[in-house]
Amino acid sequence: MTQLALNNLDLARWQFGITTVYHFLFVPLTIGLSGLVAGLQTAWVRTKDVTYLRATKFWGKLFLINLAMGVVTGIVQEFQFGMNWSAYSRFVGDVFGAPLAMEALLAFFFESTFIGLWIFGWDRLPPKLHLACIWIVAVGTMLSAYFILAANSFMQHPVGYRINRTAGRAELTDYPRVLFQDTTLTVVFHTLTAAYLTGAAFMMGISAYQLARGRAVRVARKCLRLSAVVGICAGLLTAVSGDFLGKVMFEQQPMKMAAAEALWDTQCPAPFSIFAYGNVAEGRNTVELQIPALLSFLAKSDFSSCVPGINQTNHAEQQRYGPGDYRPNIPVAYWGFRWMIGFGMAALLVGVVGLWLTRNRFWLSERLRAQRGDPDSVPRLAVTRGRALGAGLTHWFWLIAMIVMVFPLIANSWGWIFTEMGRQPWVVYGLMRTSAAVSPTVSGGEVLTSMTVFTVLYAVLAVVEVGLLIKYVKAGPPEPTDEDLNPPTKVGGDPDDADKPLATAY
219 MTQLALNNLD LARWQFGITT VYHFLFVPLT IGLSGLVAGL QTAWVRTKDV TYLRATKFWG
279 KLFLINLAMG VVTGIVQEFQ FGMNWSAYSR FVGDVFGAPL AMEALLAFFF ESTFIGLWIF
339 GWDRLPPKLH LACIWIVAVG TMLSAYFILA ANSFMQHPVG YRINRTAGRA ELTDYPRVLF
399 QDTTLTVVFH TLTAAYLTGA AFMMGISAYQ LARGRAVRVA RKCLRLSAVV GICAGLLTAV
459 SGDFLGKVMF EQQPMKMAAA EALWDTQCPA PFSIFAYGNV AEGRNTVELQ IPALLSFLAK
519 SDFSSCVPGI NQTNHAEQQR YGPGDYRPNI PVAYWGFRWM IGFGMAALLV GVVGLWLTRN
579 RFWLSERLRA QRGDPDSVPR LAVTRGRALG AGLTHWFWLI AMIVMVFPLI ANSWGWIFTE
639 MGRQPWVVYG LMRTSAAVSP TVSGGEVLTS MTVFTVLYAV LAVVEVGLLI KYVKAGPPEP
699 TDEDLNPPTK VGGDPDDADK PLATAY
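Mapped onto our numbering, the consecutive letters of the sequence shown carry residue numbers 219 to 724.
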């Protein structure tokens, strides 16, 4: 029975990890793209430059594809709490369910209503009203993220509750405190900035692809410069917000942050680990490369402060919570933390290079300048040796940008894995262990069956997602129609078209 329970727990954790990481590929990308599309449409409404209209419709298609995938994959998350984690749902459902209910009733329906108006309102709503719809959608995506992250922050740092000993469950007592605790605010700040870095890198990579092909050059260049600026700003803010979040985590979850640095013993001051290889069983590193005192500054803004180590923190938690091993998976926490930072900052650096390369007209290679047939192509111009060298470097940048566009997605995934696995063995830190949260009556075979079905389904959805993206990326930005260039001045458009079926540009 013990072995069966262990298998159920492991399988349930694997299923939740697979579905959550897969779902989280689409969430930050959708949030980032919503704001970028809203910005492009704002430029179109203000300037009437057709380039911005083409860009809005092009990126709007890709945004809608990711939004749909995010909704479909997110539905599974809700079911899992009842299927595999019923003990958890019963114990903290009163607290954890409140932010999720707000997300569904307020943010999601708010978002879905206005996305419908935006899709079908191109030739039926005045430009400014239609623009307001996409901005409301962008705000709705961020509200959805806020409520969900508030629920997760309760798992990281439970507040605003009391334990009903008679009922054997946690009860919500202070909802505003759950929504506005420092954990929630710092996590939301970090997640949203990372989301815009993700959207910017995605736009930069596809714009680089369009430029490399010499298609829709003006649209691609404007989008690449926009994404570079947004990526640089978002990347810097992600680093700043990560520093804030790290300081909060050092106070609230010292074990997680000690594991992230493979800091086995308390040190005063504590070094920042660049590379470490150790023996988990013996609780020590055998090889390590460090920067002295930097971890103390990152943890407490003081180069001389002490940072508790894994061994001491584990002993302290044993004294507080009882016998057991309170260490997470150290290698996953250590390397996941570094991969999150490394992949995210790589996208920031590519944004800096991309903004510099597109600063003037030397960003086109001789081959692209000579190209004919595309209305956006540029006539042949003389290219000096220095400019030819710059063009060659630019071609390398297009390739790098197309590769780096997936880096923030990798960084987001490892950040989420680090956040959740670094909290183990707790499902709610200091309140409920993961082993006590799994459904007691679900068999290992049932969990394995559902995990297999979901994994296969997600693989099929991945093929559909990638296929749709490739199709529309190759098609490029659409040419504007007469309806686009002559939008209605009042709600409903032309009264003579009242009997026409609903139409959408997508």
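Each residue gets a CB set at the ideal place from its N, CA and C atoms; glycine is no exception. Just so it is clear, the structure is predicted and the values come from calculations on it, not from any experiment.
Pair within 8 angstroms by beta-carbon distance, residue i and residue j
| i | j | result |
| --- | --- | --- |
| residue 295 | residue 237 | yes |
| residue 490 | residue 565 | no |
| residue 630 | residue 365 | no |
| residue 516 | residue 461 | yes |
| residue 665 | residue 361 | no |
| residue 658 | residue 305 | yes |
| residue 459 | residue 407 | yes |
| residue 731 | residue 686 | Residue numbering for the chain in the displayed model covers 219 to 724; residue 731 lies beyond these limits and cannot be assessed. |
| residue 352 | residue 256 | yes |
| residue 616 | residue 557 | no |
| residue 418 | residue 464 | no |
| residue 470 | residue 530 | no |
| residue 428 | residue 250 | no |
| residue 551 | residue 636 | yes |
Residue i versus residue j - alpha carbon distance
| i | j | result |
| --- | --- | --- |
| residue 506 | residue 497 | 12 angstroms |
| residue 225 | residue 574 | 53 angstroms |
| residue 303 | residue 614 | 48 angstroms |
| residue 621 | residue 381 | 50 angstroms |
| residue 513 | residue 455 | 20 angstroms |
| residue 639 | residue 336 | 39 angstroms |
| residue 355 | residue 348 | 11 angstroms |
| residue 476 | residue 525 | 8 angstroms |
| residue 478 | residue 547 | 10 angstroms |
| residue 363 | residue 411 | 12 angstroms |
| residue 589 | residue 628 | Per-residue confidence for residue 589 stands at a pLDDT of 45, beneath the threshold of 50, marking its modelled position as unreliable; the derived number appears in the next sentence. Taking the straight line from one Cα to the other gives about 36 angstroms. |
| residue 395 | residue 258 | 37 angstroms |
| residue 232 | residue 534 | 29 angstroms |
| residue 765 | residue 542 | The structure shown does not extend to residue 765, since the chain spans only 219 to 724, so no value can be given for it. |
| residue 652 | residue 435 | 52 angstroms |
| residue 674 | residue 668 | 10 angstroms |
| residue 670 | residue 357 | 35 angstroms |
| residue 320 | residue 486 | 44 angstroms |
| residue 268 | residue 345 | 14 angstroms |
| residue 234 | residue 661 | 16 angstroms |
| residue 254 | residue 500 | 50 angstroms |
| residue 371 | residue 384 | 26 angstroms |
Heavy atom of the ligand GDP within 7 angstroms of residue i beta-carbon
| i | result |
| --- | --- |
| residue 394 | Inclusion of the ligand GDP in the displayed structure is not the case, the ligand content being empty and no account of it being possible. |
Buried or exposed (CB count within 10 angstroms, at least 16 for buried), residue i
| i | result |
| --- | --- |
| residue 603 | The pLDDT assigned to residue 603 is 38, lower than 50, so where the model puts this residue is not dependable; a value taken from the coordinates is nonetheless given after this. The residue in question, residue 603, is exposed, as its Cβ has fewer than 16 Cβ neighbours within 10 Å. |
| residue 493 | exposed |
| residue 441 | buried |
| residue 509 | exposed |
| residue 655 | buried |
| residue 252 | buried |
| residue 227 | buried |
| residue 433 | buried |
| residue 265 | exposed |
| residue 683 | buried |
| residue 166 | Absent from the model: residue 166. The displayed extent of the chain is 219 to 724, so no value can be given. |
Supposed close pair residue i, residue j - CB separation, criterion 8 angstroms
| i | j | result |
| --- | --- | --- |
| residue 313 | residue 388 | 5 angstroms |
| residue 484 | residue 527 | 4 angstroms |
| residue 244 | residue 288 | 4 angstroms |
| residue 725 | residue 696 | With the chain covering only 219 through 724, there is no way to say anything about residue 725. |
| residue 424 | residue 691 | 6 angstroms |
Length at least 3, wholly inside the stretch 656 to 696: the beta strand (DSSP E) runs in chain order = The qualifying runs do not exist here; there are none.
Identify every run of the alpha helix (DSSP H) within the stretch 454 to 527, keeping only runs that are complete inside it and at least 4 residues long; order them along the chain.
-> You should have 472 to 478, 512 to 518.
What alpha helix (DSSP H) runs, 4 residues minimum, are completely inside the stretch 246 to 300?
-> Whole alpha helix (DSSP H) segments, 4+ residues: zero.
Could you give the uninterrupted runs of the beta strand (DSSP E) lying entirely in the stretch 362 to 415, keeping only those of 3 residues or more?
-> 379 to 382, 387 to 390, all fully within the stretch 362 to 415.
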